[in-house]
Amino acid sequence: MINWVPFLITLKLAFITTAILFVIAIPISYWLTYAKFKFKFLFEAVISLPLVLPPSVLGFYLLVTFSNQSVVGQFLQDVFDVNLAFTFPGLVVGSVIYSLPFMVQPIQAGFQNLPTALKEASYTLGKSRFQTLIRVLLPNIKSSLLTGIVLSFAHTIGEFGVVLMMGGNLDETRVASIAIYDSVNKLEYDTAHTYSLILLVFSFAILTLVYLFNKKGFKAVK
Amino acid sequence: MIKFDVHKQFKSHGSIVKIDLKADCEEGKIIAVYGKSGVGKSTLLRMLAGLMNPEEGFVSVHDEVWFDSAVKKNVKANKRNVGFLFQDYSLFPNMSVMQNILYGVEKDYDKDFINRIIEVSDLQDLLKRKPESLSGGQQQRVALARAIARKPKLLLLDEPLSALDGEMRLKLQKEILAINKIIKTTIIFVSHDLPEVFKLADEVLVVEEGKFTKRGTPSGVFVNEKTDMIGELISVVDEENTKTIRALVDGKIVSIDLPK
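Going down the list, the protein sequences come from chains A and B. Sequence positions in the first sequence follow the working numbering and run 1 to 222. Sequence positions in the second sequence follow the working numbering and run 223 to 482.
Structure below.
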């Protein structure tokens with residue numbers, strides 16, 4: 001009998017991470033695209049760090065930052081009664097930081113590819129920046145939004161290093177990728193095979209659907 | 223009355239352009255801003271619309287101050303109630319023609335007025351179409367209808383007909399005149415096309431080296447004077463109903479019919 005719990009944890013983590021990223025990445029991408037600010041490149045570099053940094057490095061720093069021995073960890077524990085190290089909320093925080101560039105970069109590229117005059121036309125028609133964002137900019141970068149959502153979701157499902165460092169291998173935090181590693185360590189190859197195959201089929205199915213949908217639905221609106 | 227006095231320096235095609243443009247325009251008139259490209263004509267429109275700020279200056283429309291550097295007043299573009307027709311139309315690709323036209327109007331809009339605009343612009347059969355399926359001329363007509371749908375206090379047209387061919391140009395010129403009669407708003411348009419200036423404008427402001435150097439009716443400015451920039455008058459043919467002027471402009475012979 002397959003133990004589905006790691007998959008449920010993986011899916012829950014991927015959904016929550018993607019939802020949080022979607023909400024925070026839109027203002028970040030908007031700001032990176034349109035703000036005129038001398039040190040913007042520094043922020044761009046920081047946001048893109050997870051692309052090049054080994055996940056274990058990121059996971060290690062997150063663990064150090066949020067452990068009970070650190071100032072931040074102590075503060076969260078004392079004031080909000082929240083413990084992020086080796087807990088599911090900790091996994092979410094780690095995943096959000098780790099997948100941030102996968103959501104920000106496609107959306108930023110989408111904004112950059114829109115003609116500036118679209119935004120200006122909306123302003124001259126009496127609309128505020130927020131109304132312009134909701135009614136003109138976002139609907140015209142649907143394919144970028146979808147790309148961001150899928151990449152972040154898929155990237156979170158495939159996470160290993162960060163979740164291992166931040167969550168360890170406990171019942172609450174054992175996602176599918178770690179369950180596979182765990183099975184191999186215990187020489188349970190059958191379980192490892194089953195888990196791996198499920199992840200492979202699932203990931204392939206998502207990407208296939210997205211590419212199909214993107215081709216059909218968003219050809220007109222680039 | 224529309225008054226402006228704007229100063230700005232900017233880079234265009236590698237060289238620095240300085241503009242000091244000052245004028246007041248009577249309400250309800252069609253005013254052309256005429257000059258070579260790169261002299262800051264479009265920049266002037268953008269400053270009037272609030273899409274760009276002058277370094278120093280003043281803009282007021284019907285006694286409402288939109289910009290005044292002396293008291294640091296700057297009304298945002300979305301609060302100025304201008305209509306702006308962009309060179310590349312800038313229709314919203316995600317919306318139908320009708321949705322584009324209604325984008326800037328309030329919920330309780332004047333339906334008769336909108337219908338009239340649609341009729342004058344000959345858009346009745348295109349309302350459900352998306353902009354990408356329209357020709358250049360059709361897109362321009364939608365953009366113009368969209369700009370005037372909210373009855374702007376000031377309508378700004380940036381080279382409105384430059385991308386269109388002869389027949390479509392004529393059609394749109396007629397449409398602009400018809401629309402001006404309906405909404406009686408002040409129109410300021412930028413052009414480097416002399417026949418167009420003659421056809422549309424009540425008054426023309428000529429920009430040379432960042433300043434208005436001439437001002438008056440098109441025939442007053444271009445026919446009575448001879449300058450290197452404008453060209454040379456070749457002939458004036460008087461007929462019963464019209465007066466045809468032929469002039470050499472930038473090496474080309476331009477023929478203009480003026481009603482008598």
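Here a beta-carbon is modelled for each residue, glycine too, at the ideal position from N, C-alpha and C.
- Considered as a whole, the segment 374-443 of chain B harbours 388-405, 416-422 as its complete alpha helix (DSSP H) runs of no fewer than 4 residues, in chain order.
- Near chain B, meaning a CB-to-CB distance below 8 Å, no residue of the segment 153-186 of chain A qualifies.
- Less than 8 Å divides the Cβ of A/Leu146 from the Cβ of A/Val210.
- Here the alpha carbon of A/Lys142 sits roughly 30 Å from the alpha carbon of B/Tyr331.
- Secondary structure of B/Asn296 (DSSP, three-state): strand.
- Residues of the segment 310-340 of chain B with a C-beta less than 7 Å from any C-beta of chain A: Asp310, Ser312, Phe314, Pro315, Asn316, Tyr325, Gly326, listed in chain order.
- Of all residues in the segment 275-308 of chain B, those with a C-beta nearer than 9 Å to a C-beta of chain A are Lys298, Ala299, Asn300, Lys301, Arg302, Asn303, Val304, Gly305, Phe306, Phe308, reading in chain order.
- Going by DSSP, A/Lys142 is part of the alpha helix (DSSP H) stretching over 142-157.
- Assigned with DSSP and collapsed to three states, A/Trp31 falls in helix.
- Rounded to the nearest angstrom, the Cβ distance from B/Val261 to B/Val239 is 7 Å, consistent with a contact under 8 Å.
- By the Cβ-count criterion, A/Trp4 is exposed, with fewer than 16 other Cβ atoms from all chains shown falling within 10 Å of its own Cβ.
- Of all residues in the segment 121-150 of chain A, only Ala121, Tyr123, Thr124, Leu125, Gly126, Lys127, Ser128, Val136, Pro139, Asn140 place a beta-carbon less than 7 Å from a beta-carbon of chain B.
- One Cα belongs to A/Ser183, the other to A/Gly161, and the distance between them is close to 16 Å.
- For B/Ala367, no Cβ of chain A is located within less than 8 Å of the residue's own Cβ.
- For B/Leu270, the enclosing alpha helix (DSSP H) begins and ends at 263-271.
- As the crow flies, the alpha-carbon of A/Ile2 is around 35 Å from that of A/Asn68.
- A contact is defined here as three or more CB-CB pairs under 8 Å, and the segment 366-374 of chain B meets this definition with respect to the segment 290-310 of chain B.
- At least 8 Å separates the beta-carbon of A/Ala45 from that of A/Phe153.
- Residue state for B/Ile241 is assigned as strand, using DSSP reduced to three classes.
- Counting C-beta atoms within 10 angstroms of its own C-beta, A/Asn185 has fewer than 16 neighbours from the protein chains shown and is therefore classed as exposed.
- According to the DSSP assignment, B/Ala371 belongs to no beta strand (DSSP E), since it is labelled neither H nor E.
- Any Cβ of chain A closer than 8 Å to the Cβ of B/Arg363 would place that residue at the interface, and such an atom is absent.
- The criterion of a C-beta distance shorter than 8 Å is satisfied by A/Ser144 and A/Ala109.
- Taking a beta-carbon distance threshold of 8 Å, A/Pro115 counts as an interface residue toward chain B.
- Under the three-state reduction of DSSP, B/Lys225 is assigned to strand.
- Within the segment 84-99 of chain A, not one residue has a Cβ closer than 7 Å to any Cβ of chain B.
- Residue contact check for B/Arg351 against chain A: no CB pair falls below 8 Å.
- The CB of A/Leu118 comes closer than 7 Å to the CB of Ser312, Phe314 in chain B, given here in chain order.
- According to the DSSP assignment, A/Tyr181 belongs to the alpha helix (DSSP H) that extends over 176-185.
- Counted as a single uninterrupted DSSP element, the stretch harbouring B/Val255 is not any alpha helix (DSSP H) but the beta strand (DSSP E) occupying residues 252-256.
- Under the DSSP assignment, B/Val281 falls in the beta strand (DSSP E) whose first and last residues are 278-283.
- The beta carbon of B/Ala423 sits no closer than 8 Å to any beta carbon of chain A.
- Apart from sequence neighbours up to five positions away, the residues of its chain that approach B/Phe289 with a beta-carbon distance below 6 Å are Val281, Asn296, ordered along the chain.
- The Cβ atoms of B/Ala245 and B/Phe434 lie closer than 8 Å to each other.
- In this structure, B/Leu356 lies away from B/Ser318, with their beta-carbon atoms at least 8 Å apart.
- Closer than 8 Å to the CB of B/Leu270 there is not a single CB belonging to chain A.
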